Amino acid sequence: MIRLLSSMVVSALLLWGGFSLYALTGDRYQQVIPGIELEPDILDWQVLIGDGGLDAAGYWLVSGEERTRLLRLGIRLPQPLVAESVERVNLQFGPGAQHRRMDLGWSRDGTFTTTRQASIEMVDGVNGTVRTDWYPRWEDEIRYLSVELVGGTREPLVLRRVELVPARPDILAFQRRLFGEWFSFPPWTQRSAHFTMVAAHEEVLSPSLAVAAWLGLSLLLLAAWSRLRGNRMHWQWPVLLVPLAVGWLVLDLRWQANMVVRAVDAFDSFGGLSWQEKGSDHFDGELFDFMRELEKSLGQESPRVFALGFGEFWRLRARYHGLPLSIRTTDRPLEKAWVSHLAGGDLLLVLDAPHVRDEQLPGSDSPEGDAGPGDIALKRAAGKDARVELVDGRAVLSLPDGTGELLRTRFPLSGRPAAYRVRLELATAGQPADLSVAVRRRYADGPWMTTSERQLRVEAYGGVRDLVFAAEQGALYELTVNGVQGEGLQVRSAAVDLVEEPGLVYLQSSGQDGPLLVVRPIKRGAIGTAYEIL
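This is the structure:
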């Protein structure tokens, strides 16, 4: 028994020391401790100053009509980042970023507020970097990053990717990283305690693999020790079961620690509920029934689904009960930064969101509805960067380089509130193109306010794209179409007409002048409402 225990101790030291030596030699630590890559996301990336949006090329920023001299893009990190664990931040931009002055900001607060900055050094035409270990203020926990462009630009600045490169740890920091990873657990997802997500996150060293290697090496050392001492090894099965029992105990202790963490999370999640909610027979059943009925109504369709709610508990339950639908959740208000990327056919679930206002639109069933301007004369609506060309005897608006203002027109709507559809017939020069369509409104001499905006992608073969917006009584409206990227973008026809469909509603965050999102209710329930984006 003493030989067995000694073999287990020696093998543990050999494996641990050998792995640490391997990981800290040269640049292997970057393979063992992978960096964090941040891809553009409509919920976690947000334009703070200027205009911008997400397309196939990345997240783009422009000065907009205000011609601001500072642009800022905020990036929320997936989880708080220990500053000393990162030595460098790499950023990949689109073409044209080399000669621009850009800064990287970071915040330790729970908002996009930038408190510290560092200059981005361009390595080549598209890649930039910041050595964060050169800045003493890069410290504590980092929650948000920001990219700032000083001077503004009419040409889009595109950010494709952000990479957080890990710092080389010393031997003690590496041990803390290993132990911390083995005994830190993901937040509670409200799944069963026995649910295990395979490869849910990158691990420096898998606990199961490490324990298996430890037990195997222990038995090999025990056999070698017995042979060197000239003793024949007698395989006593009760003794040999000791390593298996110890290995099982180590993994089970980790599992029990995971259960304790989940129990604490469950208590925190349920702790704020009233005793009526805790004792209700329909506490979770209403959401379950709601999601099942919604899934049946969709049939074979698999649209993108977004869930909006204040409470994290309900957002997590919506993701769980919504399987196999892939549901993205957020507690952010209805703001242009992410609403403009919703497409027709997407679903929006509004759960516990009292800040969202749901207003009925009379639509075509109103005798006082304004039919809208109808077909728009493109020649008179040409934007300042557009060319007017004749194609098959009709005027066509064209942007040779795909960037700039393609169409701008204004029209009054005097009828009762209703929904109107902007319909654009678009074409390209044989490759995909991205554009932004926006509708703004103004009362008398007041300021212009965005009513609706959508980022659209036109494939190489072109096509028809729609934008539905909510119009209020007695306002002047302005429609603009701006090319973001893609050569030879064309508008071949444009029209604004009344939507002849009763029962439509518009959504807006209370107390905000943000976009009015026109939607079609498809499922209402006590727990929330599901809307289809038009």
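Each residue of the sequence shown is one higher than the one before, starting from 893 at the first, in the numbering used here. We treat Cβ as the ideally placed atom computed from N, Cα and C, and that holds for glycine. Just so it is clear, the structure is predicted and the values come from calculations on it, not from any experiment.
Range covered by the alpha helix (DSSP H) that runs through residue i
i: residue 1229; result: 1228–1231
i: residue 1212; result: 1204–1213
i: residue 968; result: Looking at the DSSP string, residue 968 is not in any alpha helix (DSSP H); the run it does join, the beta strand (DSSP E), is 962–974.
Neighbour-count burial assignment, residue i, 16 or more Cβ in a 10 Å radius
i: residue 1416; result: exposed
i: residue 1232; result: buried
i: residue 1119; result: exposed
i: residue 1230; result: buried
i: residue 1329; result: buried
i: residue 1335; result: exposed
i: residue 1024; result: buried
i: residue 1318; result: buried
i: residue 994; result: buried
i: residue 1391; result: buried
i: residue 1400; result: buried
i: residue 1282; result: exposed
i: residue 1188; result: exposed
i: residue 1211; result: buried
Closer than 8 Å to chain D by CB, residue i
i: residue 985; result: Among the chains in the structure shown there is no chain D, since it carries only a single protein chain.
Three-state secondary structure assigned by DSSP to residue i
i: residue 1309; result: coil
i: residue 894; result: helix
i: residue 1285; result: coil
i: residue 993; result: coil
i: residue 1415; result: strand
i: residue 1058; result: strand
i: residue 952; result: strand
i: residue 1270; result: coil
i: residue 1320; result: coil
i: residue 1181; result: helix
i: residue 1391; result: coil
i: residue 1352; result: coil
i: residue 1223; result: coil
i: residue 910; result: helix
i: residue 1277; result: coil
i: residue 899; result: helix
i: residue 1134; result: helix
i: residue 1295; result: coil
i: residue 1153; result: helix
C-alpha distance - residue i paired with residue j, whole-angstrom precision
i: residue 1200; j: residue 1192; result: 24 Å
i: residue 1338; j: residue 1014; result: 43 Å
i: residue 1112; j: residue 1140; result: 19 Å
i: residue 1366; j: residue 1265; result: 14 Å
i: residue 948; j: residue 1351; result: 11 Å
i: residue 1393; j: residue 1295; result: 35 Å
i: residue 1387; j: residue 1363; result: 15 Å
i: residue 1347; j: residue 944; result: 9 Å
i: residue 1357; j: residue 1308; result: 26 Å
i: residue 1380; j: residue 1291; result: 6 Å
i: residue 1297; j: residue 1273; result: 11 Å
i: residue 1244; j: residue 1133; result: 54 Å
i: residue 1373; j: residue 1275; result: 8 Å
i: residue 935; j: residue 902; result: 50 Å
i: residue 1268; j: residue 961; result: 34 Å
i: residue 1409; j: residue 1018; result: 36 Å
i: residue 1241; j: residue 1205; result: 15 Å
i: residue 1178; j: residue 1068; result: 44 Å
Residue i - containing beta strand (DSSP E), residue span
i: residue 1355; result: 1355–1363
i: residue 1119; result: Run containing residue 1119: none in the beta strand (DSSP E); it sits in the alpha helix (DSSP H), 1099–1120.
i: residue 941; result: 937–941
i: residue 1421; result: 1420–1425
i: residue 1036; result: 1033–1042
i: residue 928; result: 928–930
- Inter-stretch contact (C-beta, 8 Å, three-pair minimum) for the region 979–997 and the region 1049–1060: Yes, the region 979–997 is in contact with the region 1049–1060.
- Taking 8 Å as the threshold, find out whether the region 902–911 comes into contact with the region 925–932 through three or more Cβ pairs. Under the Cβ criterion (8 Å, minimum of three pairs), the region 902–911 does not count as touching the region 925–932.
- Query: Three or more C-beta pairs closer than 8 Å, one from the region 936–955 and one from the region 1033–1050: is that the case here?
  - Reply: Look at the beta carbons and you see the region 936–955 touching the region 1033–1050: at least three pairs across the two are nearer than 8 Å.
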